[in-house]
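Here the working numbering is used: the first residue of the sequence shown is 8, the next is one more, and so on. Positions of the beta carbon are idealized from the N, C-alpha and C atoms, including for glycine.
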Amino acid sequence: MKKLWIFILLGVIALGAAAQNQAYASLKDLFAHKADTLGLLKIEKRTNNQMMMTAGGDYKITSTNDALNKRIRKRCYGICSDGTLYLNCRKLRFKKFRFGTCYVAAMWVGSNLYFCAAPIGSAAKSVIPAKNYAMGAIGQAIASSSMVSDRVFYEIDSLTLKVDFVSKEKMSFLLKSHPDLLAEYLSENSEAAKVVGKYLRLLQKN
Numbered sequence: 008m009k010k011l012w013i014f015i016l017l018g019v020i021a022l023g024a025a026a027q028n029q030a031y032a033s034l035k036d037l038f039a040h041k042a043d044t045l046g047l048l049k050i051e052k053r054t055n056n057q058m059m060m061t062a063g064g065d066y067k068i069t070s071t072n073d074a075l076n077k078r079i080r081k082r083c084y085g086i087c088s089d090g091t092l093y094l095n096c097r098k099l100r101f102k103k104f105r106f107g108t109c110y111v112a113a114m115w116v117g118s119n120l121y122f123c124a125a126p127i128g129s130a131a132k133s134v135i136p137a138k139n140y141a142m143g144a145i146g147q148a149i150a151s152s153s154m155v156s157d158r159v160f161y162e163i164d165s166l167t168l169k170v171d172f173v174s175k176e177k178m179s180f181l182l183k184s185h186p187d188l189l190a191e192y193l194s195e196n197s198e199a200a201k202v203v204g205k206y207l208r209l210l211q212k213n
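Right under this line is the structure:
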């Protein structure tokens, strides 16, 4: 009976540890894997309507604690929950462009970070048809509204700490040591997140 209670206690402790979330105060802390422990969090997938109203990431992360909520919104650079890493859009910049609010999902590939977010700046040209630019401001507005669910990948380099768009050229460079995967990727001829993400996950395993 005593052994049973020990096993139950160890199980409760293990569940408590699993429920803990890790918060990173800065990009440097993230690359150094230096984190603070947070309590329970609620992670919600945002709808297209919510993203139309407020530009930003796919995920809203909240807590029942108001002070912690403010920290999550404005101070945290990233949060790891149940093995998934999320980055705060408020802290991210692609050249001079902002990603808005809320959080985006991220992943490690080698020593660099990759995150999935809406196409902005020069990255938007990979998903906006050229004919919409020819239509001027109205065409671009129509294209922008249809891009709410479009996603591409960005890279955060571990040495420069700069954000760069994972273009076809960038992905080809990452796959150059895997000629079979490179040929397969080039045949898909896409910079969309669903395609690029597939090959980033394959690189994780190699």
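Beta-carbon gap between residue i and residue j smaller than 9 Å
i              : j              : result
glutamine 29   : aspartate 43   : yes
tyrosine 110   : alanine 32     : no
leucine 92     : tryptophan 115 : yes
methionine 178 : glutamate 191  : no
tyrosine 206   : leucine 182    : yes
asparagine 213 : aspartate 164  : no
serine 70      : leucine 37     : no
isoleucine 50  : lysine 67      : yes
arginine 97    : arginine 80    : yes
leucine 188    : leucine 209    : yes
valine 159     : alanine 113    : no
Residue i (DSSP reduced to helix, strand or coil)
i             : result
leucine 168   : coil
aspartate 43  : strand
glutamate 162 : strand
alanine 200   : helix
glutamine 211 : helix
alanine 32    : coil
leucine 181   : helix
leucine 48    : coil
serine 194    : helix
aspartate 157 : coil
lysine 205    : helix
Contact belief for residue i with residue j at Cβ below 8 Å, rounded distance in angstroms
i           : j             : result
arginine 82 : aspartate 65  : With 8 Å as the limit, arginine 82 and aspartate 65 do not qualify as a contact, their Cβ atoms being about 20 Å apart.
cysteine 87 : alanine 200   : Not quite, the Cβ-Cβ distance comes to about 20 Å (not below 8 Å), so this is no contact.
valine 155  : methionine 59 : 6 Å
glycine 107 : alanine 39    : About 27 Å separates the two Cβ atoms, so there is no contact after all.
9 Å Cβ cutoff, residue i in contact with chain D
i          : result
glycine 90 : No chain D is present in this structure, which holds just one protein chain.
Quick check for students: name the residue ranges of the alpha helix (DSSP H) that lie wholly in the segment 50 to 132, counting only runs of 4 or more. 55 to 60 and 73 to 81
Is it the case that the segment 96 to 105 contacts the segment 166 to 179, given that we only count it when at least three CB pairs across the two stretches are under 8 Å? yes
Counting Cβ pairs closer than 8 Å, one from the segment 69 to 79 and one from the segment 116 to 130, do we hit at least three? As far as the Cβ criterion goes, the segment 69 to 79 does not touch the segment 116 to 130, which means the pair count is below three.
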